[in-house]
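Q: First the structure, then my questions, so here it is.
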Amino acid sequence: MKTATVTNIHKNIKNKGTLPIDFHYEDVLEYMSEGVLVIDASGKVVYSNSAYSKIFGINNIAILGKSIFCVKHDDALIKSFKEQKSIEGSIVFPNVKIYTSPLYFDNKYKGIMAIYREEKTTNDKEKVVQLETSNTKKIVLNDCFKRIIAKSNGMKKVLWTAQKASKVSSTVLIRGESGTGKELVAKAIHDSSSRKDKPFIKVNCGAIPSNLLESELFGHEQGAFTGAIKRKIGKFEQADGGTIFLDEIGDMPLEMQVKLLRVIQEKELERVGGIETISCDVRILSATHHNLERRIEQQQFRKDLYYRLNVISINLPPLRERREDITLLCSYLTDKINKKNGGHIVKLSKDVEKAFYHYDWPGNVRELENLIEGLVALAEEEVIDLEEIPSHISNVYQRIYSCEESSLIHITEENKIPTLEEYEREIIKMALERFGSFNAAGKALGVTHKTIAAKARKYNIID
Numbered sequence: 258m259k260t261a262t263v264t265n266i267h268k269n270i271k272n273k274g275t276l277p278i279d280f281h282y283e284d285v286l287e288y289m290s291e292g293v294l295v296i297d298a299s300g301k302v303v304y305s306n307s308a309y310s311k312i313f314g315i316n317n318i319a320i321l322g323k324s325i326f327c328v329k330h331d332d333a334l335i336k337s338f339k340e341q342k343s344i345e346g347s348i349v350f351p352n353v354k355i356y357t358s359p360l361y362f363d364n365k366y367k368g369i370m371a372i373y374r375e376e377k378t379t380n381d382k383e384k385v386v387q388l389e390t391s392n393t394k395k396i397v398l399n400d401c402f403k404r405i406i407a408k409s410n411g412m413k414k415v416l417w418t419a420q421k422a423s424k425v426s427s428t429v430l431i432r433g434e435s436g437t438g439k440e441l442v443a444k445a446i447h448d449s450s451s452r453k454d455k456p457f458i459k460v461n462c463g464a465i466p467s468n469l470l471e472s473e474l475f476g477h478e479q480g481a482f483t484g485a486i487k488r489k490i491g492k493f494e495q496a497d498g499g500t501i502f503l504d505e506i507g508d509m510p511l512e513m514q515v516k517l518l519r520v521i522q523e524k525e526l527e528r529v530g531g532i533e534t535i536s537c538d539v540r541i542l543s544a545t546h547h548n549l550e551r552r553i554e555q556q557q558f559r560k561d562l563y564y565r566l567n568v569i570s571i572n573l574p575p576l577r578e579r580r581e582d583i584t585l586l587c588s589y590l591t592d593k594i595n596k597k598n599g600g601h602i603v604k605l606s607k608d609v610e611k612a613f614y615h616y617d618w619p620g621n622v623r624e625l626e627n628l629i630e631g632l633v634a635l636a637e638e639e640v641i642d643l644e645e646i647p648s649h650i651s652n653v654y655q656r657i658y659s660c661e662e663s664s665l666i667h668i669t670e671e672n673k674i675p676t677l678e679e680y681e682r683e684i685i686k687m688a689l690e691r692f693g694s695f696n697a698a699g700k701a702l703g704v705t706h707k708t709i710a711a712k713a714r715k716y717n718i719i720d
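424 is the number that the numbering used here gives to position 167 of the sequence shown; each next residue is one higher, with no gaps.
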């Protein structure tokens with residue numbers, strides 16, 4: 258009943274753009290299970306109900322009169338406010354979706370109303386992933402890909418593409434920042450393929466000295482060079498019939514790229530110091546964090562090899578672009594590390610989970626896992642709280658949920674209306690403080706990084 262009431266209110270606003278003034282919506286909304294937030298035309302919070310406070314752990318009274326820019330868990334809300342447009346079902350927090358509608362009275366824009374709905378989810382430990390395709394047909398991932406935690410649409414699409422790639426023999430180039438799980442996806446492709454009962458051989462091309470890489474990949478004969486006291490079978494021969502995973506392929510020296518290209522084209526190789534031609538039936542998966550197109554322009558990577566390796570391209574999103582997965586990953590990693598340590602069971606507090614959700618994780622999942630492992634190992638209590646996590650992460654939580662020192666809120670003096678330039682200066686300053694770069698701030702504000710840089714200099718925000 259409660260959900261239906263809020264839904265009707267939302268539809269009424271969306272369809273008519275107004276709220277009847279003789280209806281006491283506040284009395285009704287206070288008892289709703291969905292969170293409700295109302296922003297006036299100046300961008301200030303004028304109402305939030307108890308459910309909103311419960312969902313986000315924010316004191317209702319504390320945010321009244323605050324700027325919309327303080328509601329930093331919610332970029333979708335800011336977008337809706339700026340464009341005066343409705344938003345339907347955008348994910349703004351783990352298991353929370355937002356629905357917004359502009360408010361008009363007497364045909365004048367008065368702000369927006371946002372409704373936050375917590376979605377029911379499957380048990381974290383099940384980790385069952387279902388994909389929604391463009392034609393709404395549901396695709397259930399097989400067991401090999403269910404092992405990879407994914408709730409966000411972006412990651413689900415990646416896994417769906419990877420699962421399809423596992424059914425063919427084409428080369429696959431997996432791209433993504435360090436720590437995004439490139440090897441995990443490569444292993445899932447192999448395990449889901451017809452080669453699953455054959456070897457899966459991993460080679461980190463960036464970790465092997467260039468003078469040893471040829472021998473490592475293709476092997477060598479006895480006496481081929483000083484120290485070659487016996488024949489060595491290379492990684493390609495070891496992977497015969499199976500899959501070889503060439504990690505950090507972007508770091509491979511140019512002279513080795515030529516030899517790899519021949520193996521791909523001819524499906525045969527020669528050991529270092531040998532004359533025998535050896536047939537090689539290997540599927541090649543490769544991965545890189547480099548921009549290979551740029552390296553081609555810089556003549557550091559061969560274009561013909563790039564085309565051979567990039568028949569199927571898979572781009573893994575960084576963790577900051579799949580925030581819906583962070584809470585699920587925290588739960589999974591904490592359980593995994595608890596079992597590994599075998600000591601007392603430790604879990605993360607809700608505040609820590611929120612801080613982790615908003616942190617950008619430059620090291621991605623690997624950084625998250627290493628941090629949780631350290632926190633669990635040193636934990637003295639059963640619950641890890643904000644005081645125990647690194648300050649650069651807890652500070653993110655404090656900035657988002659306090660908003661006490663927002664310069665945009667305190668810009669006005671008594672009986673003075675600030676100029677547009679004053680507002681612009683504060684907005685740009687806030688964006689730079691929040692996002693840390695001209696490029697990211699520009700994207701958030703819908704302008705180019707050059708515009709942000711020019712304005713920052715104009716207003717003496719930077720030297």
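In this text, a Cβ means the ideal position worked out from N, Cα and C, and glycines have one as well. Remember, predicted model here, so these are calculated numbers, not experimental data.
1. Here's a check: name, in chain order, each residue in its chain whose Cβ is nearer than 6 Å to the Cβ of Pro-510, leaving out the five neighbours to either side.
2. Alpha carbon to alpha carbon, how far is Met-412 from Ala-710? Give it in angstroms, no decimals.
3. In the DSSP assignment, find the unbroken alpha helix (DSSP H) run with Gly-631 in it and report its ends.
4. Quick check on the burial criterion: 16 or more other C-beta atoms within 10 angstroms. Buried or exposed for Ala-713?
5. When the cut-off is 8 Å and only beta carbons count, does Ser-606 lie next to chain B?
6. Between Glu-345 and the rest of its own chain, which residues show a CB-CB distance below 8 Å, the 5 nearest in sequence each way excluded?
7. Just to confirm my understanding: we take Tyr-563, look at its own chain, exclude 5 residues before and 5 after, and list those with CB closer than 7 Å. What are they?
8. Give me the Cα-Cα distance between Arg-656 and Glu-645, rounded to the nearest whole angstrom.
9. Return the CA-CA distance between Val-529 and Lys-336, expressed in angstroms with no decimal places.
10. How about Ile-405 and Val-429: are their beta carbons less than 8 Å apart?
11. Short check: CB of Glu-434 to CB of Pro-647, under 8 Å?
12. In the DSSP assignment, the alpha helix (DSSP H) including Ser-472 goes from what residue to what residue?
13. Quick one, which of Ala-634, Tyr-616, Leu-625 has its alpha-carbon nearest Arg-691's?
14. If you check the beta carbons only, do Lys-604 and Thr-591 fall under 8 Å apart?
15. When the Cβ atoms of the segment 513-524 are set against those of the segment 434-444, are three or more pairs found closer than 8 Å?
16. Please go through the same chain and pick out, in chain order, the residues whose beta-carbon is closer than 7 Å to the beta-carbon of Leu-334, but skip the five residues on each side of it.
17. Are the CB atoms of Tyr-654 and Ala-612 within a distance shorter than 8 Å?
18. Whole angstroms are fine: how far does the CA of Ala-544 sit from the CA of Ser-451?
19. Please determine if the segment 471-483 and the segment 492-501 are in contact, where contact requires at least 3 C-beta pairs separated by less than 8 Å.
20. How many Å lie between Thr-669 and Ile-718 at the Cα?
21. Between which two residues does the beta strand (DSSP E) containing Val-353 stretch?
22. Spatial neighbours of Ile-535 within its chain, please: CB distance less than 8 Å, with the 5 preceding and 5 following residues excluded, ordered by chain position.
23. Do Glu-375 and Asn-410 have their C-beta atoms closer together than 8 Å?
24. Any idea if Ser-426 is buried or exposed, counting beta-carbon neighbours within 10 angstroms, 16 or more meaning buried?
A: In brief:
1. Sequence index remark: in the sequence shown, residue 510 carries index 253 (1-based). Ser-467, listed in sequence order.
2. As a position in the sequence shown, residue 710 is number 453, starting the count at 1. As a position in the sequence shown, residue 412 is number 155, starting the count at 1. Their Cα atoms are separated by approximately 33 Å.
3. In the sequence shown, residue 631 corresponds to position 374, counting from 1. Looking at the DSSP string, the run of the alpha helix (DSSP H) that includes Gly-631 is 621-635.
4. The residue given as residue 713 occupies position 456 in the sequence shown. Buried, by the Cβ-count rule.
5. Among the protein chains of the structure shown there is no chain B, as only one such chain exists.
6. The residue you call residue 345 lines up with position 88 of the sequence shown. Cβ neighbours of Glu-345 beyond the five flanking positions: Tyr-356.
7. Your numbering for residue 563 matches position 306 in the sequence shown. Here the set comprises Leu-549, Ile-553.
8. Within the sequence shown, residue 656 is the residue found at index 399, counting from 1. Within the sequence shown, residue 645 is the residue found at index 388, counting from 1. Rounded to the nearest angstrom, the two C-alpha atoms are 17 Å apart.
9. By one-based count along the sequence shown, residue 529 stands at place 272. By one-based count along the sequence shown, residue 336 stands at place 79. Their backbone Cα atoms lie some 60 Å apart in a straight line.
10. Taking the first residue of the sequence shown as position 1, residue 405 is located at position 148. Taking the first residue of the sequence shown as position 1, residue 429 is located at position 172. No. Outside cutoff.
11. Residue mapping note: residue 434 aligns to position 177 of the sequence shown, counting from 1. Residue mapping note: residue 647 aligns to position 390 of the sequence shown, counting from 1. No, Cβ-Cβ distance for Glu-434 and Pro-647 is not below 8 Å.
12. In the sequence shown, the residue the question calls residue 472 occupies position 215. For Ser-472, the enclosing alpha helix (DSSP H) starts and ends at 467-475.
13. Here residue 691 refers to the residue found at position 434 when the sequence shown is read from its first residue. Ranking Ala-634, Tyr-616, Leu-625 by Cα distance to Arg-691 puts Tyr-616 first.
14. Residue numbering aside, residue 604 sits at position 347 when the sequence shown is read from its first letter. Residue numbering aside, residue 591 sits at position 334 when the sequence shown is read from its first letter. The answer is yes: Cβ separation under 8 Å.
15. Contact check between the segment 513-524 and the segment 434-444: fewer than three CB pairs, one atom from each, fall below 8 Å, which does not count as touching.
16. Against the sequence shown, residue 334 aligns to sequence position 77. Closer than 7 Å at the Cβ level, and outside the excluded window around Leu-334, lie Ile-325, Val-328, Ile-355, Thr-357, Ala-371.
17. By one-based count along the sequence shown, residue 612 stands at place 355. By one-based count along the sequence shown, residue 654 stands at place 397. Result yes, Cβ atoms of Ala-612 and Tyr-654 sit closer than 8 Å.
18. Along the sequence shown, one-based indexing puts residue 451 at 194. Along the sequence shown, one-based indexing puts residue 544 at 287. Straight-line Cα distance between these residues: approximately 21 Å.
19. Contact holds: three or more Cβ-Cβ distances are below 8 Å.
20. Numbered from its first residue, the sequence shown carries residue 669 at position 412. Numbered from its first residue, the sequence shown carries residue 718 at position 461. Here the model assigns Thr-669 a pLDDT of 47, short of 50, so the residue's position is not dependable and the matter cannot be decided.
21. Taking the first residue of the sequence shown as 1, we reach residue 353 at position 96. Its beta strand (DSSP E) spans residues 353-362.
22. Residue mapping note: residue 535 aligns to position 278 of the sequence shown, counting from 1. So the list reads Glu-494, Glu-525, Leu-526, Glu-527, Arg-528, once near-sequence residues are dropped.
23. Taking the first residue of the sequence shown as 1, we reach residue 375 at position 118. Taking the first residue of the sequence shown as 1, we reach residue 410 at position 153. Result no, Cβ atoms of Glu-375 and Asn-410 do not sit closer than 8 Å.
24. Here residue 426 refers to the residue found at position 169 of the sequence shown. Exposed is the call here.
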